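Colleague:
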Amino acid sequence: MADVTLMKTPAETALAQAFESAKTVLPGSVESRAQAFEQFSARGLPHRRVEEFKYTDLRALLREVAPFANVPSAEEAKAALEGSKAFADVSALQVPFVNGHFVREAVDFHNLPEGLEIVPLREALANGHEWLAKLSPVPWASDNPIYQLNTSFMADGVMIRVAGAVETPVHLRFVTAAGSAVATATRVLVVVEDDASVTLLESHESTDGANHQPNDVVEMIAGDRSNVQHVRLNAEGDKTLALSTLAARIGAEVTFNSINVVAGAATSRHQVYAVLDGENTNLRVNGANLLKGSQHGDSTLVVEHNALHCESRELFKTVIDDEATGVFQGKIIVPHHAQKTDGRMMSAALLLAEGGSMNNKPELEIFADDVQCAHGATCGQLDEDLLFYLMARGLPKKEAERLLVQAFLGEAIEFVENESARDALVGTVEEWLRARA
Amino acid sequence: MLEIKNLVVQIEDKRILNGLNLTVNKGEVAAIMGPNGSGKSTLSYVIAGKEDYEVLDGEILLDGQNLLEMEPDQRAAAGVFLAFQYPLEIPGVGTMTFLKAALNAQRKARGQDELTTPDFIKQVNAAAAKLEMPKDMLKRALNVGFSGGEKKRMEILQMALLQPSFCILDETDSGLDIDALRIVSEGVNSLRSPDRAFLVITHYQRLLNHIVPDTVHVMHGGRIVRTGGKELALELEANGYADYRESEAA
């Protein structure tokens, strides 16, 4: 067979150059990074002819690669965190990151809540920490080019171990405050031991006007009978291209709830890869995407039921105004041995204007014969009859619309157990709607 | 109070109202009766301001204000209230949230201060108690999972709270059992006042035993074809609408 020479796009060439100069500087084993980058380079940036990226053509979207961010000075970090507003009213242990680097000074390692251990990733990579073996809990995530880039470039992060019931929520606060565009790659590993419980908040903010390119991966291992509540907020700046992945391996009899609320970024793609590895587990993955202008928001989800009697519920709500584009790709895989699986996946989009579009791609891959799996997708406008009913009671049109949009999104948000975090998300929705009026 | 002159309305090229004239005075309870398809519900929607209808001619004046130039919310603030034949379920919108938003929107439109939460809750609870409404109904999403009777009671509760000057009851008796009919009628009767008028739309005379009208109008073919006192309702109950259908044919 003839050799095929792949033509590289300028962005791919820039990434290759960036990797060459970064690989010896970045902490930890060069081999694993090099392997990931090689896998990435073999196929390059995914484009619309790659099934998984049909609706989010990364090759077209990523024309110019921003330089990877340096470690911020203490003053820069302090100023950045002072300007951060996400989940401001939620009392939580702060684990902050500025420009993709963990702000160690902000964490009092000697006074962590009982049951919690935090290890900075950069040091862990440099020292070959034993927990590193737990990275990549979902092996097939490594086939994903976004994940490969993160593995190639990850500069910092944390590894968190939760043993026992940790009452205080842990807030991973990501702030990109650089004045000009930067790229970041962070990796967070959360190991929740058997019977442990934790609420994990994750927020992402960046400055407006700069083409920041964050690529964040959060990995979780949820032990048997554990309880994990994960609340993620994308409040990125208006030019940011935000790529993120949640990869979770979940044990038996676990309650695992995750929600991603998107209210920012020019383009975002949030990937959830979850493997249900023990029996009788309950997984809920929700999403609420608020898109306007020319924003593009992609929620991609793969849930693998790998054990008996598990239940998964996925509910994604997308509100599209102006000429924004929403994407939902959800896949539930049920192999032969995962009998009695109960999976339900729903994507609902609300189009507020003429020019918007929504792409829904639900997939079920079922090999077992005694399962219940369902999926649904809807796209629609606000119900005229409901609007009339509310207006007939005296609500002006905009207010009636606001109430209905809130109600539409509320269904996805109401599962958030932490009340102040839920209030913060509701507040985010209200702010978005007010800005629209 | 309400004056409708030569109202001509169509929906999707189908003429529903054909030069309807109707006057309802302050303090009056006017009933409109008529067979299916005579345009009764259309009339109620057109007064409240539903978009789907095309008004070709005529006018609707409420205290001299031209309602046809107003949005539905402005009409509500001006005093129009439509108790829906089929109240809509709105999942995700809490009943109390909705009631408060509606009440305050109308107060705002009239230049009044918003109600404080304790005052608001007091008002709602008092109105709910009168209508013998279980408290948990108020904690649910608006009309979601309510029975037919509960939905109608919720409409009357809203009417009691919003204190409109012109109330339209669109087949409020449909889907009500005898007890619910009594409770709803009592709710309406307690709101009767010299400053408030009612337009009660119904098929059956039954409701008019409970809400006794001052005038009864018979509607047919998109207009009022006969007007009389409350005894007219009894006559209709006895003879049906056949006479009007025949006169149409002739």
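Just so you know, the protein sequences line up as chains P and H, in that order.
Its first residue numbered 49, the first sequence is counted upward by one per residue in our numbering.
Its first residue numbered 4, the second sequence is counted upward by one per residue in our numbering.
Ideal Cβ placement from N, Cα and C applies to all residues, glycine included.
Fair warning: this is a prediction, and the values are worked out from it, not measured in the lab.
For Ala236 of chain H, collect the residues of the same chain with a Cβ closer than 6 Å to its Cβ; drop the 5 residues on either side in sequence, then sort them by chain order.
Modeller: Gln208, Leu211 and Val219
Colleague: So, Glu352 of chain P versus Gly403 of chain P, is the Cβ gap smaller than 8 Å?
Modeller: Not a contact, by the Cβ cut-off of 8 Å.
Colleague: Among P:Glu100, P:Ser132 and P:Leu457, which has the Cα closest to the Cα of Phe364 of chain P?
Modeller: P:Leu457
Colleague: Is Met11 of chain P close to chain H? Criterion is C-beta to C-beta, closer than 8 Å.
Modeller: Summary: the structure shown does not reach residue 11 of chain P, with chain P confined to residues 49 through 485, and so no result is reported for it.
Colleague: Among the candidates P:Leu160, P:Ala125 and P:His149, whose CA atom is the shortest distance from the CA of Leu141 of chain P?
Modeller: P:Leu160
Colleague: Helix, strand or coil for Lys409 of chain P? Go by DSSP, reduced to three states.
Modeller: It is a strand residue.
Colleague: Beta-carbon within less than 8 Å of Glu467 of chain P's beta-carbon, same chain only, minus the 5 sequence neighbours each way: which residues are those?
Modeller: For Glu467 of chain P, where only same-chain residues beyond five positions count, there are no Cβ hits under 8 Å.
Colleague: With DSSP run on the structure shown, which of helix, strand or coil describes Arg110 of chain H?
Modeller: helix
Colleague: Alpha helix (DSSP H) containing Phe67 of chain P: first to last residue?
Modeller: Pro58 to Ala70
Colleague: Taking all protein chains shown into account, do 16 or more other C-beta atoms lie within 10 angstroms of the C-beta of Lys133 of chain P, making it buried, or fewer, making it exposed?
Modeller: exposed
Colleague: Between the beta-carbon of Val333 of chain P and the beta-carbon of Ser292 of chain P, is there less than 8 Å?
Modeller: Their beta carbons are not under 8 Å apart, which means Val333 of chain P does not touch Ser292 of chain P by this criterion.
Colleague: So who's on the other strand from Cys427 of chain P, going by DSSP bridges?
Modeller: Per DSSP, the beta bridge partners of Cys427 of chain P are P:Ala397.
Colleague: By alpha-carbon positions, which one of P:Ala311, P:Pro217 and P:Ala211 ends up nearest to Leu481 of chain P?
Modeller: Residue P:Ala311 is the option with its Cα nearest to Leu481 of chain P.
Colleague: Determine whether the beta carbon atoms of Ile368 of chain P and Leu398 of chain P lie at a separation below 8 Å.
Modeller: yes
Colleague: Nearest to Ala300 of chain P by alpha carbon, out of P:Cys358, P:Asn282 and P:Leu339?
Modeller: P:Cys358
Colleague: Under three-state DSSP, which class holds Ala253 of chain H?
Modeller: No answer about Ala253 of chain H holds up, because its pLDDT of 43 lies below 50 and its placement is not dependable.
Colleague: Using a 10 Å radius around the Cβ and a threshold of 16 neighbouring Cβ atoms, would you call Glu68 of chain P buried or exposed?
Modeller: exposed
Colleague: Which two residues bound the contiguous beta strand (DSSP E) that contains Met207 of chain P?
Modeller: Asp204 to Val210
Colleague: With Tyr321 of chain P as the anchor, note down where its beta strand (DSSP E) starts and where it stops.
Modeller: Thr315 to Leu324
Colleague: Does the contact criterion of 3 or more C-beta pairs under 8 Å hold for the segment 228-247 of chain H versus the segment 46-64 of chain H?
Modeller: no
Colleague: Leaving out the 5 sequence neighbours to the left and right, which residues in its chain are closer than 6 Å to Val382 of chain P when beta-carbon positions are compared?
Modeller: Excluding sequence neighbours, Val382 of chain P sits near His353, Thr389, Ile414, Ala416 and Val419.
Colleague: Please report the distance separating the alpha-carbon of Leu36 of chain P from that of Leu70 of chain H.
Modeller: The shown model of chain P, from 49 to 485, leaves out residue 36 of chain P, and the question about it has no answer.
Colleague: Cα-Cα, which of P:Val240, P:Pro94, P:Glu60 and P:Asp156 is closest to Pro193 of chain P?
Modeller: P:Pro94
Colleague: Rounded to a whole number of angstroms, what is the C-alpha to C-alpha distance between Gly285 of chain P and Arg96 of chain P?
Modeller: 25 Å
Colleague: May I ask you to report which of helix, strand or coil DSSP gives Met73 of chain H?
Modeller: coil
Colleague: Residues of chain P with CB closer than 7 Å to the CB of Leu118 of chain H, please, in chain order.
Modeller: Result: empty, since nearest Cβ-Cβ is about 13 Å, beyond 7 Å.
Colleague: Please compile the residues from chain P whose C-beta is within a distance smaller than 9 Å of the C-beta of Asp76 of chain H.
Modeller: Leu438, Met439, Ala440, Arg441, Gly442, Leu443, Pro444, Lys445, Glu447 and Ala448
Colleague: Leaving out the 5 sequence neighbours to the left and right, which residues in its chain are closer than 7 Å to Leu438 of chain P when beta-carbon positions are compared?
Modeller: Ala448 and Leu451
Colleague: Who are the near neighbours of Gly67 of chain H in its chain, counting only those whose CB is closer than 7 Å to its CB and skipping five residues on each side?
Modeller: none
Colleague: For the segment 91-105 of chain H, enumerate the residues whose C-beta is nearer than 8 Å to any C-beta of chain P, in chain order.
Modeller: Leu91, Ile93, Pro94, Gly95, Val96, Thr100, Phe101, Ala104 and Ala105
Colleague: What residues of chain P sit near Ala79 of chain H, judged by a beta carbon separation below 9 Å?
Modeller: Met439, Ala440, Arg441, Gly442 and Leu443
Colleague: Taking a contact to mean a Cβ-Cβ separation below 8 Å, would you say Phe376 of chain P touches Ser395 of chain P in this structure?
Modeller: yes
Colleague: Cα-Cα, which of H:Phe87, H:Gly22, H:Lys133 and H:Phe201 is closest to Leu164 of chain H?
Modeller: H:Lys133
Colleague: Tell me, please, whether the segment 181-200 of chain P touches the segment 240-248 of chain P by the rule of three or more beta-carbon pairs shorter than 8 Å.
Modeller: no
Colleague: Within 8 Å of any Cβ in chain H, is that where the Cβ of Asp433 of chain P sits?
Modeller: yes
Colleague: Can you tell me which of the three DSSP states Gly92 of chain P falls into?
Modeller: coil
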